[in-house]
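Residue numbers (the working numbering): 40 to 628.
Ideal Cβ positions, reconstructed from N, Cα and C, are used throughout, including at glycine.
Predicted model only: the values in this text are computed from it and were never measured.
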RNA sequence: CGGGGUGUAGCUCAGCUUGGUAGAGCGCUUGGUUCGGGACCAAGAGGUCGUAGGUUCGAAUCCUGUCACCCCGACCA
């Protein structure tokens, strides 16, 4: 395709409101333009990349036995009232009225619509299992859209929903989707990790996130690897289980006593004031857990994690206690501690990391005072131990005992075992072989198509621009004509035609621009292979071939006669690598 | 939702404190010279200064409302 025929508005200057790399580069390289906060037009280059991602998703979903359909983007409020999410979802759900005054929503996700469909159409166990998916525009009215396509309000998502006769079959499909997702992200040419994740408001009891590894990722994950360096376990830090620390209990020293610590309320203040390390100061965080006051205690260098706290207490709701509420329960905000605590209504939960520690400092439960030389066991008894803190690199994994490594990731896919949450709310039942009416058991599986493309850029770029993985690049080859002499243009045209005949996509830069301008633009756009034709090298009878990941010095000079075949081989090799990676990823996970 | 900030040419921004009728660079158009990593010279086109109202002889500039957009935070004591 000829550059002069395409709308590729590249810009030199960095747009002021782009703070992350993918957003900046998509704007600069002419992929997207903003229409409103979190809402973007996908220009031709972006549309090509999104189509490629979507097609990979489509092929792998079909391969895994799922069927594509397309639901309406707009849905009537009644469906959402039926599932209960009309009230639960909050302002992220975009609601509006039609001309008759009826309430409608623009779908942020489609559990209701699909469940209603299956409820109406599926009556017998003979019609199950079903896995139905769509690739569609979603709208979530994010409180704070940011980072371009990473966290937009409107975005393209593949969402799949499966229906089963029992838990076992739903789990089988979950594993099937997990494998398909491994193949999808490997085929996109991305480095990623599947990690255990919180089920959040979607519910259910089994969930994995697929995280594209990138330092700019919003999510923190930890993982362990086996002796061959293959991932053996991974989880989002907010739920990664931590094993009890392996160390001998410390010997308690002098008896505990109270010291004055006026206006020293934070861990940092107290540690500095008393000349101690943060891990010697106990952090006591006050929560309201299912209407009970709870003091969660951990080392001062760690953070109490609400999701873990909720799990540890088997609770439904967790929030922080306000200072006033804490005082009414007999607690002293800023000076709370587990030792010498006189507050019978308060449940104390202590993180296992505190076990066997001595020489500690904690709040004395009196304004302006802390208790020092505190020893766990001697100075406070623990009724409930729990794994309460957010996992970090260096912690030992609670599943296999290995030491965690940490990474940052961008969540591009998520698989959930839903169970009967929606089928029971919306009465999606079928009749079994034994004539008994049962609820469908469901799973749901999402992939952010536009976010995957953005994540690919976060993971693959340099100072000059994007470095697209070949399978999702807008074009395979950037063909740069140096100068516009007839000989150069003829040769370039012939090469373009030869490649396109073999299904290789070429962005032929036929603009009347200086070479420097063209090189800069192609570096920005980031197609994996660049071919330069004309000028000095053509006089030597060669064209110059360079991978986007190569340096200038690594440019290969290929005789004109061999150029077409050489580049065809190069591109085929890049694409084949990704397919091979898909097979490997599937077998490894 | 809380706090902060910004709206001036297609883009990045200056001008606002101290009111006097709008600027630079990039981009764009035309002509010329150039031509292997974002060239140079010359001549141009392009703005109801977000918007509504107010103060004033006079408002991009001061005041009020409003809209849009951006950043930080929204469990870390």
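query: In DSSP terms, what residue 233 is bridged to; result: 249
query: Distance, residue 153 Cα to residue 119 Cα; result: 12 Å
query: Selected residue, minimal CA-CA separation from residue 268, among 555, 62 and 441; result: 441
query: Between the CA atoms of residue 117 and residue 306 - distance to the nearest angstrom; result: 50 Å
query: Opening and closing residue of the beta strand (DSSP E) in which residue 612 lies; result: Element bounds for residue 612: not the beta strand (DSSP E) but the alpha helix (DSSP H), 599-627.
query: Alpha carbon of residue 133 to alpha carbon of residue 111, nearest angstrom; result: 15 Å
query: Anticipated Cβ contact below 8 Å, residue 279 with residue 297, distance rounded; result: About 37 Å; that fails the 8 Å criterion.
query: Beta-carbon proximity of residue 401 to residue 413, cut-off 7 Å; result: yes
query: Residue 222, DSSP secondary structure in three states; result: helix
query: Residue 570 vs residue 584 beta-carbon contact at 7 Å; result: yes
query: Neighbour-count burial assignment, residue 135, 16 or more Cβ in a 10 Å radius; result: exposed
query: Rounded straight-line distance, which links the Cα of residue 386 to that of residue 421; result: 10 Å
query: Contact under 7 Å by Cβ, residue 259 with residue 447; result: yes
query: Rounded separation between residue 339 and residue 625 - CA only; result: 41 Å
query: Alpha helix (DSSP H) segments (min. 4 residues) lying fully within the segment 425-467; result: 460-464
query: Host beta strand (DSSP E) of residue 517 (start-end); result: 516-521
query: Where residue 78 falls, given that 16 or more other Cβ within 10 Å makes a residue buried; result: exposed
query: Cβ shell of residue 181 (< 8 Å), same chain only, five flanking positions each side left out; result: 77, 131, 190, 191 and 192
query: Candidates 615, 495 and 234: closest to residue 92 by CA position; result: 495
query: Status (buried if at least 16 other CB within 10 Å, exposed otherwise) for residue 232; result: buried
query: Reference residue 235, options 522, 456 and 510, closest by Cα; result: 456
query: Extent of the continuous alpha helix (DSSP H) to which residue 120 belongs; result: 116-122
query: Euclidean distance between Cα positions of residue 452 and residue 488; result: 9 Å
query: Beta-carbon spacing of residue 461, residue 150 below 7 Å; result: yes
query: Residue 96 to residue 435 span [Cα, whole Å]; result: 35 Å
query: Three-state secondary structure assigned by DSSP to residue 186; result: coil
query: Under 7 Å between C-beta atoms of residue 610 and residue 500; result: no
query: Residues of its chain near residue 360, where Cβ-Cβ distance is below 7 Å and the 5 sequence neighbours each way are ignored; result: 325, 326, 327 and 332
query: Beta-carbon spacing of residue 25, residue 221 below 7 Å; result: Residue numbering for the chain in the displayed model covers 40 to 628; residue 25 lies beyond these limits and cannot be assessed.
query: Pick from 102, 214, 567 and 469 that is closest to residue 454, judged by C-alpha positions; result: 214
query: Per-residue burial, residue 508 [other beta carbons within 10 Å of its own, 16 or more giving buried]; result: buried
query: For residue 337, the residue or residues it bridges with in DSSP; result: 322
query: Inter-stretch contact (C-beta, 8 Å, three-pair minimum) for the segment 159-173 and the segment 120-130; result: no
query: Residue 168 burial status per 10 Å Cβ neighbour count (16 or more: buried); result: buried
query: Candidates 209, 445 and 140, of which the one nearest residue 263 by Cα; result: 445
query: Three-pair Cβ contact test at 8 Å for the segment 558-577 versus the segment 511-531; result: yes
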